[in-house]
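In the working numbering, the protein residues as written are 454 to 690. All C-beta atoms, glycine included, are put in the ideal place defined by N, C-alpha and C.
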Ligand SMILES: [Zn+2]
Ligand SMILES: [Zn+2]
Ligand SMILES: [Zn+2]
Ligand SMILES: [Zn+2]
């Protein structure tokens, strides 16, 4: 993987921007304005508080989403799992203002994710999410703004990073697999093309697909649901 500044795609106009220029772009994207305008004029949808959230997984992965304040933390959990982290049904938790909300509360006093977003999040709130308390994937979130409006599906992806480049450490071709054993110790030498993956000393059982996710190469993460979730929550343009 290269250390180059990673890029992202605006889901309204499909243009590519440096990741750190995306927020500015979204504020003035004409296609987005058009799309939002259409949603606003639709009969049937009710106006609600809509939260604009930046979701970051390490330095490489980021998404901008909008979610209805009427949705619950468990809806956001479901989205993050589907597009980025779900492997074998591990526990997850949001930590907001020092309070932890757990996907499956197991001790007295634990709080569940059955809480409305509007009740726990405010403009400027920075909070975190963890998936799997063993081999943990850590995600940072921030409420960028809140607006009154209407939104399809209650959740919309505005922009997402492009898959980081991954090259085979032996031959330099595009990598398709990552060794889950080596990724922690020797990141640069953990990626393989089909051919060199077969020959890798850790064995093929240790190989996982290259994915566009902060959980790539961890536990049994394969990214199988990524495409489905991205499509489901993309603006219908
Ligand atoms: Zn755009
Ligand atoms: Zn797992
Ligand atoms: Zn190769
Ligand atoms: Zn290995």
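- Within the DSSP bridge table, the entry for residue 507 names 517, 595 as partners.
- Under a 10 Å Cβ-count criterion, residue 524 is classified as buried, with 16 or more other Cβ atoms of the shown protein chains found around its own Cβ.
- With the rule of 3 Cβ pairs closer than 8 Å, the region 603-614 counts as touching the region 508-518.
- Taking the Cα positions, residue 554 is about 43 Å away from residue 625.
- Secondary structure of residue 600 (DSSP, three-state): strand.
- Secondary structure note for residue 554: it is in no alpha helix (DSSP H), and the uninterrupted beta strand (DSSP E) holding it is 552-555.
- The three-state secondary structure of residue 535, taken from DSSP, is helix.
- Set against 6 Å, the gap from the CB of residue 649 to the closest heavy atom of ligand 3 is smaller.
- With respect to the 7 Å criterion, residue 478 and residue 470 are classified as neighbours on the basis of their beta carbons.
- Put simply, of 685, 503, 662 the residue whose alpha carbon is nearest the alpha carbon of residue 677 is 662.
- Beta-bridge partners of residue 546 (DSSP): 555, 583.
- For residue 643, no alpha helix (DSSP H) segment is defined, and its DSSP state is neither H nor E.
- In the three-state reduction of the DSSP assignment, residue 570 falls in the helix class, which pools H, G and I.
- Proximity annotation: ligand 2 has residues 540, 541, 672, 673 in chain order, each selected because its CB is closer than 5 Å to a heavy atom of the ligand.
- Distance from residue 520 to residue 608 at the Cβ level is roughly 5 Å; contact confirmed, criterion being Cβ atoms closer than 8 Å.
- Take residue 655, set aside five residues on each side of it, and the residues of its chain with a beta-carbon closer than 7 Å to its own are 632, 634, 635, in chain order.
- Nearest C-alpha to residue 644 among 489, 673, 622: 622.
- For residue 621, the shortest C-beta to heavy atom distance toward ligand 4 is 6 Å or greater.
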